[in-house]
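Protein chains: 2
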Amino acid sequence: MRIGELAERTGVSRRLLRYYEEQRLITPARALNSYREYKESHVDIVLQIKGLLDAGLPTRIIQQLLPCLDKPQTIYVPNVTPEMIATLQREQVRLAERIECLTRNRDAIADYLDTVLSVRSANTESMATS
Amino acid sequence: MRIGELAERTGVSRRLLRYYEEQRLITPARALNSYREYKESHVDIVLQIKGLLDAGLPTRIIQQLLPCLDKPQTIYVPNVTPEMIATLQREQVRLAERIECLTRNRDAIADYLDTVLSVRSANTESMATS
DNA sequence: TTGAACACCCACATTGATGTGAAGGTCAAG
DNA sequence: CTTGACCTTCACATCAATGTGGGTGTTCAA
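Protein chains in written order, with this note's numbering: chain H, 19 to 148; chain Z, 19 to 148.
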């Protein structure tokens with residue numbers, strides 16, 4: 019598919035799709051007319067990228083993560099450098115930290131909303147009975 | 019405490035502490051000489067801010083979350099507008115999405131590392147026995 | 001065959017989070 | 001009283017992610 023369709027299906031602008039390519043996150047084939055030709059699988063990959071960017075990861079890191087994120091893990095055996103492994107382990111830790119932080123805050127918000135909403139409904143009741 | 023100490027204790031630069039203030043995330047008192055005066059509690063708050071920023075939340079949103087994130091929930095009862103509640107609920111959803119995305123990827127990395135490391139150790143063994 | 005819709009590339013603009021440095025005020029210790 | 005280590009404000013710089021638009025080529029359908 020071409021860039022327009024991919025943009026539409028992922029909600030990611032054409033501009034950004036080209037940017038991702040420039041950052042070596044995706045590498046679409048080129049048609050004879052030099053149009054980019056995306057594969058079906060790029061839809062998921064782009065959504066993946068979008069999610070990670072949205073979660074605060076820079077393209078530099080995402081680029082390193084992507085190779086190990088596709089379902090049929092094609093690339094496990096060949097030359098995985100120790101530095102690559104170390105990088106992944108480091109990023110794994112940082113992901114865990116992020117997750118923990120976000121979870122903590124999500125829970126805090128939940129607590130807060132629970133409290134507010136319960137107080138609020140109590141107030142409504144007392145007003146109804148007064 | 020003054021800005022230098024807070025910077026040191028949180029690992030957040032003075033520049034950024036001033037920036038957070040400009041964005042209304044923190045509001046330190048001022049000494050007679052116009053020096054900023056931070057309270058002990060600001061250490062945790064700043065760490066909180068740092069974590070959320072790092073997780074991809076913009077200051078605009080963090081500003082809205084902060085009021086409901088301090089432990090002794092002082093502000094639950096008074097005028098919580100319905101819009102505020104709606105905002106929080108929306109952000110809660112977005113946090114959950116981020117968490118899910120990050121968790122998925124952390125797990126994928128874990129799987130990948132497991133695979134790579136096990137293959138790798140198998141190779142080592144076979145080489146040892148050859 | 002022309003016009004609309006899409007693609008290309010390029011370049012400049014913006015926004016948010018940061019760094020850096022200048023010009024100056026405060027204060028404690030030598 | 002000066003020096004050094006703080007602090008102040010202000011302004012300009014940078015970097016990454018993203019928007020916008022111009023100028024041009026391609027495709028397709030009327």
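Even for Gly, the Cβ is constructed at its ideal location relative to N, Cα and C.
Proximity to GLY69(H) [Cα-Cα], best of ARG124(Z), SER52(Z), VAL134(Z) and SER136(Z): ARG124(Z)
Chain H beta carbons: is any one of them nearer than 8 Å to that of TYR53(Z)? no
So if I threshold CB-CB distances at 7 Å, which residues from the segment 49 to 77 of chain Z count as touching chain H? GLY69, LEU70, ASP72, ALA73 and GLY74
Does GLU39(H) come within less than 8 Å of chain Z when only Cβ atoms are used? no
Figure out for me which residue from ASP132(Z), VAL64(Z), GLU55(Z) and GLU101(Z) has the closest Cα to the Cα of VAL30(Z). VAL64(Z)
Outcome for ARG54(H) when other beta-carbon atoms lying within 10 angstroms are tallied against a minimum of 16: buried
Can the beta-carbon of LEU113(H) be found less than 8 Å from the beta-carbon of LEU120(Z)? yes
Tell me whether ARG20(H) sits in a helix, a strand or coil according to DSSP, three-state version. coil
Taking 7 Å as the cut-off, is the CB of LYS68(Z) close to at least one heavy atom of the ligand NAP? Questions concerning the ligand NAP fall outside what the structure shown contains, since it holds no ligand whatsoever.
Counting only beta-carbon atoms, is ARG116(H) nearer than 8 Å to chain Z? yes
Within-8 Å CB hit, GLU101(Z) to chain H: no
Could you give the first and the last residue of the continuous alpha helix (DSSP H) run that contains ASP62(H)? 59 to 72
Under a CB-based cut-off of 8 Å, is ARG124(Z) close to chain H? yes
Through-space distance from ARG32(H) to GLY22(H), alpha-carbon basis: 7 Å
Quick one: which chain Z residues come within Cβ less than 7 Å of THR121(H)? ILE117
So what's ARG124(H) in DSSP terms, helix, strand or just coil? helix
Here's a check: name, in chain order, each residue in its chain whose Cβ is nearer than 7 Å to the Cβ of MET19(H), leaving out the five neighbours to either side. TYR56
Listing by chain order, which chain H residues have their CB less than 9 Å from the CB of ILE127(Z)? LEU83, CYS86, LEU87, LEU106, GLN107, GLU109, GLN110 and LEU113
Taking Cβ to Cβ, would you say LEU83(Z) is nearer than 8 Å to ILE127(H)? yes
Helix, strand or coil at ALA49(H) [DSSP, three-state]: coil
Tell me which residue opens and which closes the alpha helix (DSSP H) that TYR37(H) is part of. 32 to 40
Does the beta carbon of ASP131(Z) come closer than 8 Å to any beta carbon on chain H? With the sequence shown as reference, residue 131(Z) is identified as Leu, and Asp is not the correct amino acid for it. True, the Cβ-Cβ gap to chain H drops below 8 Å.
Using alpha carbons as the reference points, say which of ASP132(H), ILE79(H), TYR130(H) and LEU135(H) lies closest to GLN110(H). ILE79(H)
Check whether the Cβ of GLY30(H) lies closer than 8 Å to any Cβ atom in chain Z. The question names Gly, yet the displayed sequence has Val at residue 30(H). Answer no: the Cβ-Cβ gap between VAL30(H) and chain Z never drops below 8 Å.
Here's the rule I'm using: 16 or more other beta-carbon atoms within 10 Å means buried, otherwise exposed. How should VAL134(H) be labelled? buried
How should THR99(H) be labelled, buried or exposed, when 16 other C-beta atoms within 10 angstroms of its C-beta is the threshold for buried? exposed
Can you grab the Cα-Cα spacing for the pair ILE44(Z) / LEU24(H), in whole Å? 42 Å
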